[in-house]
Amino acid sequence: MPVYRLRQNEISFPTPTLARDDGLLAVGGDLSVDRLLLAYTHGIFPWYNPGEEILWWCPKERFLIFPGEIHISRSMKKHIRKHEFKIYLNRDFQDTMHHCRMKREFEEGTWISDEMEEAFLELHREGYAVSVEVYEEGDLAGGLYGVAIGRCFFGESMFSEKKNGSKVALIAFSRFLEQRGFLFIDCQFHTDHLENMGGQYVSWETFESLLREGIHVSC
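When we follow this note's numbering, the leftmost residue of the sequence shown carries the number 89, and every step to the right adds one.
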């Protein structure tokens, strides 16, 4: 199936259901705030190698965590009781995203380029991109960032500087989202780590319905 090429001067996307089996939907365009918001409100997100064309993805099955159903293992509960944590929201978005980039770049390679950092910082300034920071006994332990629109959260990346730092961030943020009526955390793709914390696949039809409820747009 051919991949749709986006026009620079036209902010639009093809119907999400036209994505290939691997989830790839479109190529090109830019990372402007308007295009990113249009993408996320339709279940589409950018993911590509630095220096290459922008690739836009929309997997036909989605891997979600429902905030009220996050799984906390016994060992994790013990770890949380044993240490003193302080959780912050948007304490330093730019630094948190950069930590995610550096950790991934060192360990396995990253899609978080200079262009992505600049685009998501602008999205943060507009009130949509959100970061969570965890401090353990005064030291930065971990964090995460993503995009919050309506009652939907689209997770982008996490990092740990100390053992379980990213897990503590995700658990604390899930509770925060549950209290505010958020419907889901979109993990985008499956990982064993997220599955162990309660992640599960849902069909495109289910995901689309949740999007409509959470964002109030016609997908």
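Every residue gets a Cβ at the ideal spot worked out from N, C-alpha and C, and that includes glycine. Keep in mind the model is a prediction, meaning the values are calculated, not measured.
Just to check my reading of the structure: residue i and residue j have Cβ atoms closer than 8 Å, yes? What is that Cβ distance to the nearest angstrom?
{"i": "PRO147", "j": "GLY111", "result": "4 Å"}
Tell me the DSSP bridge mates of residue i?
{"i": "ARG150", "result": "VAL290"}
{"i": "ASP274", "result": "LEU152, PHE242"}
{"i": "VAL115", "result": "ARG93, LEU143"}
{"i": "PHE173", "result": "GLU224"}
{"i": "LEU310", "result": "Examination of residue 310 is not possible in this model, given that the chain is present from 89 through 307 alone."}
{"i": "ILE237", "result": "CYS240"}
Between the C-alpha atoms of residue i and residue j, what's the straight-line distance to the nearest angstrom?
{"i": "TYR216", "j": "ILE237", "result": "6 Å"}
{"i": "GLY156", "j": "PHE242", "result": "16 Å"}
{"i": "ASP118", "j": "GLN96", "result": "7 Å"}
{"i": "SER306", "j": "GLY234", "result": "Residue placement at SER306 cannot be trusted, given a pLDDT of 47 that sits under 50; what the coordinates show is reported in the next sentence. C-alpha separation (whole angstroms): 22 Å."}
{"i": "LYS255", "j": "SER120", "result": "31 Å"}
{"i": "THR198", "j": "TRP144", "result": "16 Å"}
{"i": "GLY131", "j": "LYS166", "result": "36 Å"}
{"i": "ALA107", "j": "GLN182", "result": "31 Å"}
{"i": "PRO138", "j": "GLU244", "result": "16 Å"}
{"i": "ASP122", "j": "GLU98", "result": "11 Å"}
{"i": "ILE259", "j": "TYR223", "result": "14 Å"}
Under the three-state reduction of DSSP, which class applies to residue i: helix, strand or coil?
{"i": "ALA217", "result": "strand"}
{"i": "PRO134", "result": "strand"}
{"i": "ILE259", "result": "helix"}
{"i": "SER306", "result": "The predicted position of SER306 is uncertain, since its pLDDT is 47 and thus under 50; no value can be drawn from it."}
{"i": "ILE158", "result": "coil"}
{"i": "ARG179", "result": "coil"}
{"i": "PRO102", "result": "coil"}
{"i": "ILE200", "result": "coil"}
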